[in-house]
Amino acid sequence: MRTRIHGIAGLTLAAGAVCLGGATLSVPTYAASARVLVPTDSAYLKECGACHMAFSPELLPASSWRAVMGRLDDHFGESAKVDASVQRGITDYLVANAADRATNEQSRAIMGSLSTNESPLRITQVPYIAGLHAAVLDPIWNGTPRPKTLTECGVCHIKVQSGDYKSKDFSVNDEAFRWKK
Amino acid sequence: MATGRGIVVAVAFALLGVGGRACAGPVDDLLQQFQAQGASHFTVAAGEALWERSVTDPKTGEVRRCALCHTTDLRKVGKHATTGKAIEPMAPSVNPKRLADKEKIEKWLERNCKWTLGRVCTPQEKGDALTMIGSR
Numbered sequence: 003m004r005t006r007i008h009g010i011a012g013l014t015l016a017a018g019a020v021c022l023g024g025a026t027l028s029v030p031t032y033a034a035s036a037r038v039l040v041p042t043d044s045a046y047l048k049e050c051g052a053c054h055m056a057f058s059p060e061l062l063p064a065s066s067w068r069a070v071m072g073r074l075d076d077h078f079g080e081s082a083k084v085d086a087s088v089q090r091g092i093t094d095y096l097v098a099n100a101a102d103r104a105t106n107e108q109s110r111a112i113m114g115s116l117s118t119n120e121s122p123l124r125i126t127q128v129p130y131i132a133g134l135h136a137a138v139l140d141p142i143w144n145g146t147p148r149p150k151t152l153t154e155c156g157v158c159h160i161k162v163q164s165g166d167y168k169s170k171d172f173s174v175n176d177e178a179f180r181w182k183k
Numbered sequence: 473m474a475t476g477r478g479i480v481v482a483v484a485f486a487l488l489g490v491g492g493r494a495c496a497g498p499v500d501d502l503l504q505q506f507q508a509q510g511a512s513h514f515t516v517a518a519g520e521a522l523w524e525r526s527v528t529d530p531k532t533g534e535v536r537r538c539a540l541c542h543t544t545d546l547r548k549v550g551k552h553a554t555t556g557k558a559i560e561p562m563a564p565s566v567n568p569k570r571l572a573d574k575e576k577i578e579k580w581l582e583r584n585c586k587w588t589l590g591r592v593c594t595p596q597e598k599g600d601a602l603t604m605i606g607s608r
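Read top to bottom, the protein sequences are chains A and B. Quick note, the first sequence lines up with residues 3 to 183 if you use this note's numbering. Quick note, the second sequence lines up with residues 473 to 608 if you use this note's numbering.
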């Protein structure tokens with residue numbers, strides 16, 4: 003049964019409210035967007051989106067994108083080789099829009115969870131993201147979906163096409179989530 | 473008169489020949505290219521055998537074959553073995569976008585031969601595979 007879950011999203015929203023409240027108390031704050039960039043680069047969508055969701059560049063730091071794009075002939079055990087000019091173009095796009103240059107809340111949380119010079123090769127190796135998804139990746143998780151990997155964000159984050167990962171509308175198994183709590 | 477008709481027929485064939493070459497699809501171009509690289513006659517049967525050939529990846533121990541992602545029935549939607557993303561059918565009869573772009577064909581033959589067989593395919597194997605896919 004698919005339903006609306008308020009748990010994690012509710013917590014995140016509460017944290018956002020504290021930030022907003024901070025402004026009146028003169029605590030440093032920032033005007034952060036709730037949404038991450040939805041990729042539009044046609045070469046990126048074509049070449050990378052052929053095998054997996056074209057992830058938002060704002061989910062990894064520039065150093066990670068450079069590392070991933072620098073070894074496409076062994077892309078997690080698979081050849082994703084493209085022409086040198088295409089590779090350069092996609093790398094430039096990802097680096098220019100990476101998490102360390104982004105101002106949205108999620109990118110800031112991602113960067114905040116990484117230590118200096120840490121360049122994870124997978125989005126799921128980012129501590130902030132790994133922590134939020136620990137439940138569904140836990141072997142004892144018995145709900146649906148039961149992902150082996152997290153390559154298709156839209157399976158649960160049903161508003162991902164508008165860059166919205168924080169919506170309370172995400173789709174997981176109701177019973178299992180209640181049991182988990 | 474007979475000679476005149478012969479010339480007309482010859483001219484017609486010549487025109488057809490030129491037209492035929494201009495209209496030759498990317499697969500024909502590639503098949504000629506593979507033969508120039510030493511391949512001989514291509515057959516659907518050899519392509520089918522290649523499609524079902526299982527190879528164990530030495531690094532992961534996984535048993536891989538074309539059909540693992542693309543299914544045995546090329547008219548069906550496949551599924552990427554790692555990411556789970558849907559792969560449009562390979563058969564041009566149900567998916568006309570297949571075998572229509574030479575660069576795309578070459579790119580994916582290189583990538584997928586390396587993943588499946590652990591090496592690039594020979595010109596003979598590539599020609600057999602394209603011949604089989606084209607027949608579906």
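The beta carbon of each residue, even a glycine, is placed where N, CA and C say it ideally should be.
8 Å Cβ cutoff, residue i in contact with chain A
i        : result
B/His552 : yes
B/Lys664 : Since the displayed chain B opens at 473 and closes at 608, residue 664 of chain B lies outside it and no answer follows.
B/Ala494 : Residue placement at B/Ala494 is flagged as unreliable, the pLDDT there being 46, under the threshold of 50; the coordinate-derived value follows with that caveat. For B/Ala494, the answer is no, since every Cβ of chain A falls outside 8 Å of its Cβ.
B/Val499 : no
Residue i: contacting residues in chain A (beta-carbon distance under 9 Å)
i        : result
B/Gly590 : Within 9 Å Cβ-Cβ: nothing; B/Gly590 doesn't reach chain A, min ~11 Å.
B/Thr555 : Cys53, His54, Met55, Thr151, Thr153, Glu154
Residue i - partner residues in DSSP beta bridges
i        : result
B/Thr554 : According to DSSP, B/Thr554 bridges with nothing at all.
B/Ile559 : B/Gly550
A/Glu80  : A/His77
B/Thr528 : B/Val535
Listed by chain order, chain A residues near residue i by CB distance under 8 Å
i        : result
B/Glu582 : Ser81, Lys83
B/Gly533 : Chain A residues near B/Gly533: none, gap ~12 Å exceeds 8 Å.
B/Lys574 : Residues of chain A passing the Cβ test: none, with the nearest at roughly 14 Å.
Supposed close pair residue i, residue j - CB separation, criterion 8 Å
i        : j        : result
B/His546 : B/Pro561 : A quick correction: the sequence has Leu, not His, at residue 546 of chain B. Sure, about 6 Å apart at Cβ, within 8 Å.
B/Arg608 : B/Ala563 : 4 Å
B/Val555 : A/Thr126 : Reading the sequence as shown, one finds Thr at residue 555 of chain B and not Val. Not confirmed; about 13 Å, so no contact.
A/Gly91  : A/Ala36  : About 29 Å; that fails the 8 Å criterion.
B/Leu522 : B/Asp600 : 6 Å
A/Thr93  : A/Met71  : 4 Å
A/Ser58  : A/Val40  : 7 Å
A/Leu123 : A/Ala82  : Contact doesn't hold; Cβ gap of about 13 Å is too wide.
B/Val499 : B/Gly606 : 6 Å
Cutoff 8 Å: residue i Cβ touching any chain B Cβ
i        : result
A/Asp166 : no
A/Ser121 : no
A/Val70  : no
A/Gln163 : no
Range of the contiguous alpha helix (DSSP H) that encloses residue i
i        : result
B/Trp580 : 574 to 589
B/Phe520 : Checking the sequence, you will find Glu at residue 520 of chain B rather than Phe. Here the alpha helix (DSSP H) through B/Glu520 covers 516 to 524.
A/Arg110 : 107 to 115
B/Gln507 : 498 to 508
B/Lys598 : 595 to 606
A/Gly133 : 129 to 134
A/Gly145 : First-last for A/Gly145: undefined, no H or E at that position.
A/Val97  : 86 to 98
B/Val566 : Looking at the DSSP string, B/Val566 is not in any alpha helix (DSSP H), and its letter there is neither H nor E.
A/Ala45  : 44 to 49
A/Ser65  : 64 to 71
Contact test: residue i Cβ vs the ligand GDP heavy atom, cutoff 7 Å
i        : result
B/Arg608 : By its list of ligands, the structure shown contains no ligand whatsoever, and the ligand GDP lies outside what it can speak to.
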